[in-house]
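Numbering (the numbering used here), first residue to last: 2 to 88.
Encoded structure:
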């Protein structure tokens, strides 16, 4: 039983270590290609920013249901219900 707890802690350490390296790489690249420091690097900066956002959201999605998707589904169901009720 103690071994299982150790494994979970180890996985959490690995995940936090990966998040830290992603964050560190993002800050280094964003400083290099930021439009204020590199006028020709705006397209590269936007690509770096999009990749970072994707990687951050991917970590949030793996923890369970996505709150935004659930809200969107409920809104769509409400709209369909109101249209069905009127018709």
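Glycine residues also receive a C-beta, built at the ideal position from the N, C-alpha and C atoms.
| Query | Result |
| --- | --- |
| Does the beta-carbon of residue 80 have 16 or more other beta-carbons within 10 angstroms, so that it is buried, or is it exposed? | exposed |
| Assuming residue 53 and residue 45 form a contact by the criterion Cβ under 8 angstroms, report the distance between their Cβ atoms to the nearest whole angstrom. | The Cβ separation is near 13 angstroms, so there is no contact. |
| Report the rounded CA-to-CA distance for residue 22 versus residue 77, giving the unit in angstroms. | 38 angstroms |
| So, with DSSP's three-state summary, where would you put residue 33? | helix |
| Determine the direct distance from the alpha carbon of residue 41 to that of residue 31, and round the result to whole angstroms. | 13 angstroms |
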